[in-house]
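S.K.: My questions all concern the structure below.
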Amino acid sequence: MADGKRLLLLIRHSPYGSSLARASLDVALAAAAFDRPLSLLFTGDGVLQLLPEQDSEALGVRNPGRLLASLPLYDIEQVYVDAAAAARYRLDLDAAPVAALALGREEIRALIDRHDHLLGF
Amino acid sequence: MADGKRLLLLIRHSPYGSSLARASLDVALAAAAFDRPLSLLFTGDGVLQLLPEQDSEALGVRNPGRLLASLPLYDIEQVYVDAAAAARYRLDLDAAPVAALALGREEIRALIDRHDHLLGF
Amino acid sequence: MIYSLLVLSSPASGQCAMTAARFARAALARGHTVGRIFFLDAGVTNGAAATVLPQDETDRLQPWVELAERHGVELILCIASALRYGMLDETEAGRYEKPAATIHPAFTVSGLGQLVDAATSADRLVTFGG
Amino acid sequence: MIYSLLVLSSPASGQCAMTAARFARAALARGHTVGRIFFLDAGVTNGAAATVLPQDETDRLQPWVELAERHGVELILCIASALRYGMLDETEAGRYEKPAATIHPAFTVSGLGQLVDAATSADRLVTFGG
Amino acid sequence: MTLHTLNASPASAAFADCLAMLAAGDVLLLLGDGVYAALAGTGARAQLDACGARLCLLREDAAAAGILARVAGAEVIDIDGFVALSEQFPRQLAWY
Amino acid sequence: MTLHTLNASPASAAFADCLAMLAAGDVLLLLGDGVYAALAGTGARAQLDACGARLCLLREDAAAAGILARVAGAEVIDIDGFVALSEQFPRQLAWY
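Protein chains in written order, with my numbering: chain A, 68 to 188; chain B, 68 to 188; chain C, 47 to 176; chain D, 47 to 176; chain E, 10 to 105; chain F, 10 to 105.
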């Protein structure tokens with residue numbers, strides 16, 4: 068990983084409700100492609116991107132599931148999820164398209180403190 | 068009032084957070100200009116349009132206050148406000164730019180039932 | 047029955063604009079008349095001619111164009127919103143000295159009277175927002 | 047200090063886009079460098095050339111144009127979002143056979159690498175959304 | 010006797026405002042991000058079940074969200090069903 | 010030690026999510042519809058006061074909202090003050 072500021076992307080929006088979810092994943096992939104240190108935190112409605120079995124064929128839109136599954140290929144290993152947000156929607160994180168470490172509130176605050184720039188999506 | 072369907076506009080959005088508030092008032096004025104029966108209900112964040120002393124000069128945007136005050140000139144008399152929503156923001160309805168009858172939940176349901184078409188803004 | 051639709055959703059902000067187009071087609075298929083579809087606020091951007099979506103996403107302009115060209119449905123952009131969002135037909139582009147129209151010809155730009163008229167004369171008025 | 051800004055807000059959806067422009071101007075006035083302002087998602091519509099606001103509302107394009115032309119600030123539209131929102135420069139308008147460019151020349155269209163570069167090299171990265 | 014359509018997540022102001030207005034005899038059709046409110050076992054779903062309105066959600070949006078297997082008790086309808094609802098309910102109110 | 014900026018009404022999901030993340034030592038700057046959370050005597054303001062973060066709001070947005078006389082205890086700052094905050098706090102997080 069090249070030096071430079073450590074970037075944390077906080078993803079708070081649902082997959083299909085706006086084009087933001089799509090844009091935020093593009094930023095993550097771009098950062099990885101430029102070999103920049105990067106972490107991802109799914110929180111708020113962003114955890115809904117981790118629901119398995121998403122089938123957006125009928126809507127004619129791209130399905131973030133495949134994109135999420137490819138994150139490790141871009142050696143984006145630091146993927147986290149807000150445990151409280153996931154619980155609110157009773158998500159089964161083991162079935163998520165990408166492995167994400169569940170964090171409590173204090174751990175999330177520590178995660179934020181370990182990064183230089185925060186991108187809120 | 069010409070015949071035709073009775074129209075109820077429910078205004079739920081704040082004055083400056085989007086261009087929706089502006090559009091909804093334009094619809095109200097247009098309906099009145101075409102002599103169509105029309106009622107307005109401010110509910111949710113829409114009640115924030117009724118705050119007095121709005122000064123949007125510095126933002127360079129039009130202030131809905133004057134527009135609201137002109138509603139009676141367009142003989143739009145049926146102006147209502149959701150009492151619970153107003154209370155949530157501790158609004159003083161007597162100071163509002165336009166006189167609006169405060170309604171409780173059941174009265175609002177009855178208001179809805181008295182109209183043919185509902186426009187949710 | 048006579049249906050009028052009010053579309054407030056932008057094609058870029060989720061699926062609701064396309065749900066509205068599918069609703070119109072289904073209403074026609076069930077034998078109803080869809081007289082007028084009125085686009086207001088961010089909904090006017092459904093008329094944009096310059097939008098380019100990635101290959102694997104279905105086109106979001108074509109469903110509207112078909113409703114107009116094949117089924118004679120009127121697609122009306124509210125002029126106040128159209129100007130605010132830069133959605134100009136030939137006349138408005140000329141009036142404001144812009145290089146070209148920015149909307150597809152299947153759409154027309156007009157005043158709110160058309161919405162009020164549609165709203166008070168239709169049997170059903172269905173709004174699509176968000 | 048070197049500032050980079052990320053603008054996600056559309057000029058039509060409230061005041062945040064103009065707050066971002068005012069922030070950039072104030073940062074310059076306090077002696078900072080504002081290298082790059084990156085527009086993403088709905089933020090790319092800040093580059094629209096065809097927007098027409100009512101007389102009594104201040105222009106929302108001019109503040110950006112001044113930052114670019116008078117202070118040399120780079121105004122970059124993310125290409126993926128620009129295409130999705132129909133914000134095309136001359137090249138893209140040609141490539142997709144559209145009648146004319148739809149953005150103001152003070153804006154350039156480029157890839158996300160520019161955002162990543164700005165984000166990881168600037169002292170401060172300030173995001174404006176909603 | 011109103012057809013409510015909700016196109017916003019259970020965390021939104023629109024969900025709370027819509028819930029306050031729902032009456033028995035109404036029907037609520039969940040669209041777009043609204044479908045997540047039908048997730049069985051969530052607080053949002055419990056609130057919807059308690060208000061006595063008939064609960065429907067749009068198939069295409071529920072399939073995209075990946076929740077078709079987790080909305081037991083709510084009626085999954087397609088766009089044709091949406092038109093049919095609008096035929097039955099003369100008044101529609103959009104929440105978003 | 011983070012500068013949070015909130016550009017959404019107290020009824021929004023963004024307000025609830027932001028509140029959950031605020032820590033003592035952080036500063037919260039209310040922008041746009043965020044300013045309504047500073048209204049004295051409201052539930053939203055009570056929640057903000059309880060979390061121990063320093064509370065600021067942007068003058069132009071508060072003036073437009075018409076609430077300058079009802080936000081006692083919160084710091085009203087102008088755009089220059091916003092830049093000054095960003096100088097002090099290296100990390101900014103936008104909620105909207």
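C-beta: ideal position from N, C-alpha, C; glycine also.
Should C/Glu136 go down as buried or exposed, given a rule of 16 or more other Cβ atoms within 10 Å for buried?
M.R.: What you label residue 136 of chain C is simply residue 90 of the third sequence in a count that begins at 1. Counting Cβ neighbours within 10 Å, C/Glu136 comes out exposed, since fewer than 16 surround it.
S.K.: Just how far apart, CA to CA, sit B/Asn130 and F/Glu69?
M.R.: Position 63 of the second sequence, counted from the first residue, corresponds to residue 130 of chain B. Position 60 of the sixth sequence, counted from the first residue, corresponds to residue 69 of chain F. Distance between the alpha carbons of B/Asn130 and F/Glu69: 13 Å.
S.K.: Within the same chain, show all residues whose beta-carbon is closer than 8 Å to that of B/Leu160, passing over the 5 residues directly before and after it, in chain order.
M.R.: On the second sequence, position 93 is the one that residue 160 of chain B refers to. Once the five neighbours on either side are set aside, the close Cβ partners of B/Leu160 are Leu117, Val148, Ala153, Ala167, Ala169.
S.K.: Which whole-angstrom value is the C-beta distance of B/Pro164 and B/Ala136, which I expect to be below 8 Å?
M.R.: Within the second sequence, the letter at position 97 stands for residue 164 of chain B. Within the second sequence, the letter at position 69 stands for residue 136 of chain B. With a Cβ gap of about 5 Å, B/Pro164 and B/Ala136 count as contacting.
S.K.: Using a Cβ-Cβ cut-off of less than 8 Å, give me the residues of the segment 164 to 187 of chain A that come near chain C, in sequence order.
M.R.: The segment 164 to 187 of chain A vs chain C, Cβ under 8 Å: nothing.
S.K.: Step through the CB atoms of chain A and report whether any lies within less than 9 Å of the CB of F/Ala53.
M.R.: Looking up residue 53 of chain F in the sixth sequence gives position 44. Judged by the 9 Å Cβ criterion, F/Ala53 is not in contact with chain A.
S.K.: Any residues in the segment 14 to 36 of chain E with a beta carbon nearer than 7 Å to a beta carbon of chain F? Which ones, in chain order?
M.R.: Listed by position, the residues of the segment 14 to 36 of chain E near chain F (Cβ gap below 7 Å) are Ser18, Ala20, Ser21, Ala22, Ala25.
S.K.: Less than 9 Å separating the beta-carbons of C/His117 and C/Val172?
M.R.: For the purposes of this step, residue 117 of chain C is taken as residue 71 along the third sequence, with counting starting at 1. For the purposes of this step, residue 172 of chain C is taken as residue 126 along the third sequence, with counting starting at 1. For C/His117 and C/Val172, no; Cβs fall outside 9 Å.
S.K.: Between the C-alpha atoms of F/Tyr105 and E/Ser21, what's the straight-line distance to the nearest angstrom?
M.R.: Stepping through the sixth sequence from its first residue, residue 105 of chain F is reached at position 96. Stepping through the fifth sequence from its first residue, residue 21 of chain E is reached at position 12. Their backbone Cα atoms lie some 12 Å apart in a straight line.
S.K.: Against E/Ala103, what residues of chain C qualify as contacts under a CB-to-CB distance less than 7 Å, listed in chain order?
M.R.: In the fifth sequence, residue 103 of chain E corresponds to position 94, counting from 1. Simply Thr173, Phe174, Gly175.
S.K.: Is E/Met10 buried or exposed, if buried means 16 or more other CB atoms sit within 10 Å of its CB?
M.R.: Numbered from 1 along the fifth sequence, position 1 holds the residue referred to as residue 10 of chain E. With fewer than 16 other Cβ atoms within 10 Å, it is exposed.
S.K.: Beta-carbon of B/Ala152 versus every beta-carbon of chain C: anything under 9 Å?
M.R.: In the second sequence, the residue the question calls residue 152 of chain B occupies position 85. For B/Ala152, the answer is no, since every Cβ of chain C falls outside 9 Å of its Cβ.
S.K.: List, in chain order, every chain C residue whose beta-carbon is nearer than 7 Å to that of A/Tyr83.
M.R.: Counting from 1 along the first sequence, the entry for residue 83 of chain A is found at position 16. Near A/Tyr83 (Cβ distances below 7 Å), the residues of chain C are Gly60, Gln61.
S.K.: So, does the segment 28 to 44 of chain E touch the segment 75 to 92 of chain D, judging by three or more C-beta pairs under 8 Å?
M.R.: Not touching, per the Cβ criterion.
S.K.: Can you find a CB in chain C that lies within less than 9 Å of the CB of A/Val128?
M.R.: Working through the first sequence from its first residue, we reach residue 128 of chain A at position 61. So yes, A/Val128 belongs to the interface.
S.K.: Which residue comes first and which comes last in the beta strand (DSSP E) that contains E/Glu84?
M.R.: Counting from one through the fifth sequence, the residue named residue 84 of chain E turns up at place 75. It spans 84 to 86 - the beta strand (DSSP E) in which E/Glu84 sits, taken as one unbroken run.
S.K.: Pair every Cβ in the segment 48 to 55 of chain D with every Cβ in the segment 119 to 132 of chain C, then say whether three or more of these pairs are closer than 8 Å.
M.R.: These segments do not touch.
S.K.: Put A/Val165 into one of helix, strand or coil per three-state DSSP.
M.R.: Indexing the first sequence from 1 puts residue 165 of chain A at position 98. Looking at A/Val165 - three-state DSSP - the assignment turns out to be coil, as it is neither helix nor strand.
S.K.: With a Cβ-Cβ cutoff of 9 Å, do B/Leu74 and B/Ala100 count as a contact?
M.R.: Stepping through the second sequence from its first residue, residue 74 of chain B is reached at position 7. Stepping through the second sequence from its first residue, residue 100 of chain B is reached at position 33. Cβ atoms of B/Leu74 and B/Ala100: not closer than 9 Å.
S.K.: Tell me, please, whether the CB atom of C/Thr177 is closer than 9 Å to any CB atom in chain A?
M.R.: Outside the displayed span of chain C (47 to 176) sits residue 177 of chain C, for which this structure offers no information.
S.K.: Over what stretch of residues does the alpha helix (DSSP H) that includes C/Thr152 continue unbroken?
M.R.: Here residue 152 of chain C is taken as the residue at index 106 of the third sequence, counted from 1. A small correction: the amino acid at residue 152 of chain C is Ala; Thr does not occupy that position in the sequence shown. Neither: C/Ala152 is in no alpha helix (DSSP H) and is coded neither H nor E.
S.K.: If we count the other Cβ atoms within 10 Å of its Cβ and call it buried at 16 or more, is D/Met104 buried or exposed?
M.R.: Sequence index remark: in the fourth sequence, residue 104 of chain D carries index 58 (1-based). In the sequence as displayed, the identity of residue 104 of chain D is Thr instead of Met. So D/Thr104 counts as exposed.
S.K.: Please list, in chain order, all residues of the same chain as A/Ser106 whose beta carbon is under 6 Å from its beta carbon, the five residues on each side excluded.
M.R.: Counting from one through the first sequence, the residue named residue 106 of chain A turns up at place 39. Result list for A/Ser106: Leu75, Gln145, in chain order.
S.K.: Hey, quick one: how far does the alpha helix (DSSP H) through C/Glu120 stretch, first residue to last?
M.R.: Looking up residue 120 of chain C in the third sequence gives position 74. Per DSSP, C/Glu120 belongs to no alpha helix (DSSP H); it is in the beta strand (DSSP E), 120 to 124.
S.K.: Classify C/Glu138 as buried or exposed, calling it buried when 16 or more other Cβ atoms lie within 10 Å of its own Cβ.
M.R.: As a working mapping, residue 138 of chain C is identified with position 92 in the third sequence. Flag for C/Glu138 reads buried.
S.K.: Quick one: which unbroken beta strand (DSSP E) runs of 3-plus residues sit fully inside the segment 76 to 111 of chain D? Chain order, please.
M.R.: The qualifying runs are 79 to 85.
S.K.: What residues in the segment 108 to 134 of chain A bring their beta carbon closer than 9 Å to a beta carbon of chain E?
M.R.: For the segment 108 to 134 of chain A, which is checked against every Cβ of chain E, the residues closer than 9 Å are Gly111, Asp112, Leu115, Leu118, Pro119, Glu120, Gln121, Asp122, Ser123, Glu124, Ala125, Leu126, Val128, Asn130, Gly132.
S.K.: Could you tell me the boundaries of the beta strand (DSSP E) in which E/Ala103 lies?
M.R.: For the purposes of this step, residue 103 of chain E is taken as the residue at position 94 of the fifth sequence. Here the beta strand (DSSP E) through E/Ala103 covers 100 to 104.
S.K.: Kindly indicate if chain A contains any beta-carbon less than 9 Å away from that of C/Thr104.
M.R.: Residue numbering aside, residue 104 of chain C sits at position 58 when the third sequence is read from its first letter. By this cut-off, C/Thr104 is an interface position.
S.K.: Rank B/Ala151, B/Val128, B/Arg155, B/Leu138 by C-alpha distance to the C-alpha of B/Val94 and give the top, closest one.
M.R.: As a working note, residue 94 of chain B is residue 27 in the second sequence. Looking at the Cα atoms, B/Leu138 is the closest of the given residues.
S.K.: What is the rounded straight-line gap between the Cα of F/Glu16 and the Cα of D/Val90?
M.R.: Here residue 16 of chain F is taken as the residue at index 7 of the sixth sequence, counted from 1. Here residue 90 of chain D is taken as the residue at index 44 of the fourth sequence, counted from 1. Note that residue 16 of chain F is Asn in the sequence shown, not Glu. Straight-line Cα distance between these residues: approximately 19 Å.
S.K.: Find the nearest neighbour of C/Gln106 within the set C/Val119, C/Ala58, C/Gly140, C/Lys144, judged by alpha-carbon distance.
M.R.: Translated into positions along the third sequence, residue 106 of chain C becomes position 60. According to the sequence displayed, residue 106 of chain C carries Arg and not Gln. Closest by alpha carbon: C/Ala58.
S.K.: Got a sec: is the Cβ-Cβ distance from D/Ser55 to anything in chain F below 9 Å?
M.R.: Translated into the one-based positions of the fourth sequence, residue 55 of chain D becomes position 9. It does: the Cβ of D/Ser55 has a partner Cβ on chain F nearer than 9 Å.
S.K.: Who are the neighbours of C/Arg130 on chain E, taking C-beta pairs under 8 Å?
M.R.: Counting from 1 along the third sequence, the entry for residue 130 of chain C is found at position 84. Going along chain E, no residue has its Cβ under 8 Å from C/Arg130, so there is no contact; the nearest lies around 19 Å.
S.K.: Does DSSP put C/Glu137 in a helix, in a strand, or in coil?
M.R.: Counting from one through the third sequence, the residue named residue 137 of chain C turns up at place 91. Before going further, note that residue 137 of chain C is Thr rather than Glu in the sequence given. In the structure shown, C/Thr137 sits in a helix (DSSP, three-state: H, G or I).
S.K.: At least one CB of chain A closer than 9 Å to the CB of D/Tyr49: is that the case?
M.R.: The count along the fourth sequence starts at 1 and reaches residue 49 of chain D at position 3. It does not: the Cβ of D/Tyr49 has no partner Cβ on chain A nearer than 9 Å.
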